[in-house]
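Novice: Let me begin by handing over the structure; questions about it come next.
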Ligand code: ADP
Ligand code: MG
């Protein structure tokens, strides 16, 4: 059974006339399902951004929050590796300028200030709603593996632990996850756990039509969801 705090996230978006959740809303939802997300805060002005960055700790990633901009880097809306207060102030204004250049009438809800996750292996977990089978999970490695090689695995939700483990093992690039060619091994248990928790969340939340965690950064110990999109 889902709690009131889960419903509230969807209600706020609907009341706002949106059919999607912003990254920070999706991450709030993931955190309610105990999934590992970056620390985040939405700032409406430079001072708030500086305060948020100081609370989270440098280095920081800044991102645009706008209902008209879903692919943030296309709009110059992501700045990684901000190291100090001046960087936050400059970055805040650069992102707003970039967003306006990209789309003159883009509404700007705020700037997302978040913890910068260390480099790791890029993983993608997603879901779509199959007209016959309902919510379906997808797992793959980020970058060219998904986009060019279409090296992904699928399962209809709900899944069990064994299904999650199989989804990870059956991609062609599985060797990379075990540690190959200078790539450290990744924590497959944590990835399986994210798949299982995503499955639970999909069963609880029929509002979710499409979901995209792109990327998740995976480490020898743990993982971090650094970007998220949910279409309702
Ligand atoms: P987009 O909406 O363009 O997909 P992302 O939030 O995925 O924007 O950011 C673009 C890229 O910036 C990511 O693919 C990732 O490489 C990097 N990035 C974003 N957020 C973080 C973060 N918190 N820590 C480290 N790298 C990040
Ligand atoms: Mg992304």
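Residue numbers (our numbering): 41 to 272.
All C-beta atoms in this analysis are idealised placements derived from N, C-alpha and C, irrespective of residue type, glycine included.
#1: In whole angstroms, what is the alpha-carbon distance linking residue 143 and residue 133?
#2: Start and end of the alpha helix (DSSP H) containing residue 170?
#3: Hey, how far is the Cα of residue 127 from the Cα of residue 100?
#4: Roughly how far, in whole angstroms, is the beta-carbon of residue 197 from the beta-carbon of residue 176, given that I think they are within contact range, below 8 Å?
#5: Can you tell me whether residue 250 is helix, strand or coil according to DSSP?
#6: Alpha carbon to alpha carbon, what distance is there between residue 190 and residue 241?
#7: Between the alpha carbons of residue 139 and residue 62, how many angstroms are there, rounded?
#8: Identify, in the order they occur along the chain, each residue of the same chain with its Cβ nearer than 6 Å to the Cβ of residue 252, setting aside the five sequence neighbours on each side.
#9: For residue 103, which beta-bridge partners are listed by DSSP?
#10: Going by DSSP, what residue range makes up the alpha helix (DSSP H) through residue 239?
#11: Short check: CB of residue 199 to CB of residue 207, under 9 Å?
#12: CB-CB under 8 Å to residue 234, same chain, minus the five flanking residues each way: which ones, in chain order?
#13: In three-state terms, what does DSSP make of residue 57?
#14: Consider the C-beta atom of residue 66 and the heavy atoms of the ligand ADP; say whether any pair is separated by less than 8 Å.
#15: Identify every residue that forms a DSSP beta bridge with residue 83.
Specialist: Per the coordinate set shown:
#1: In the chain shown, the residue the question calls residue 143 occupies position 103. In the chain shown, the residue the question calls residue 133 occupies position 93. Roughly 15 Å between the two C-alpha positions.
#2: Counting from one through the chain shown, the residue named residue 170 turns up at place 130. Not the alpha helix (DSSP H): residue 170 falls in the beta strand (DSSP E), residues 161-170.
#3: By one-based count along the chain shown, residue 127 stands at place 87. By one-based count along the chain shown, residue 100 stands at place 60. C-alpha separation (whole angstroms): 9 Å.
#4: Against the chain shown, residue 197 aligns to sequence position 157. Against the chain shown, residue 176 aligns to sequence position 136. Right, their Cβ atoms sit about 7 Å apart.
#5: As a first step, residue 250 is located in the chain shown; it is residue number 210 there, counting from the start. Under the three-state reduction of DSSP output, residue 250 falls in the strand class.
#6: If you number the chain shown from 1, residue 241 lands on position 201. If you number the chain shown from 1, residue 190 lands on position 150. Taking the straight line from one Cα to the other gives about 25 Å.
#7: Position 99 of the chain shown, counting from 1, holds the residue named residue 139. Position 22 of the chain shown, counting from 1, holds the residue named residue 62. Spanning the two alpha carbons is a distance of roughly 16 Å.
#8: In the chain shown, the residue the question calls residue 252 occupies position 212. Here the set comprises 166 and 269.
#9: Counted from its first residue, the chain shown places residue 103 at position 63. DSSP output for residue 103 lists 118 and 152 as bridge partner(s).
#10: Numbered from its first residue, the chain shown carries residue 239 at position 199. Per DSSP, the continuous alpha helix (DSSP H) segment holding residue 239 begins and ends at 228-244.
#11: Position 159 of the chain shown holds residue 199. Position 167 of the chain shown holds residue 207. A contact, by the Cβ cut-off of 9 Å.
#12: What you label residue 234 is simply residue 194 of the chain shown in a count that begins at 1. Residues of the same chain with a CB within less than 8 Å of the CB of residue 234, apart from the 5 flanking positions on each side, are 75, 76, 165, 253, 256, 263 and 265 in chain order.
#13: Translated into the one-based positions of the chain shown, residue 57 becomes position 17. Taken through DSSP and simplified to helix, strand or coil, residue 57 comes out as coil.
#14: Residue numbering aside, residue 66 sits at position 26 when the chain shown is read from its first letter. Taking the Cβ of residue 66 as the reference point, every heavy atom of the ligand ADP lies at 8 Å or farther away.
#15: Here residue 83 refers to the residue found at position 43 when the chain shown is read from its first residue. According to DSSP, which records beta bridges pairwise, residue 83 is partnered with 151.
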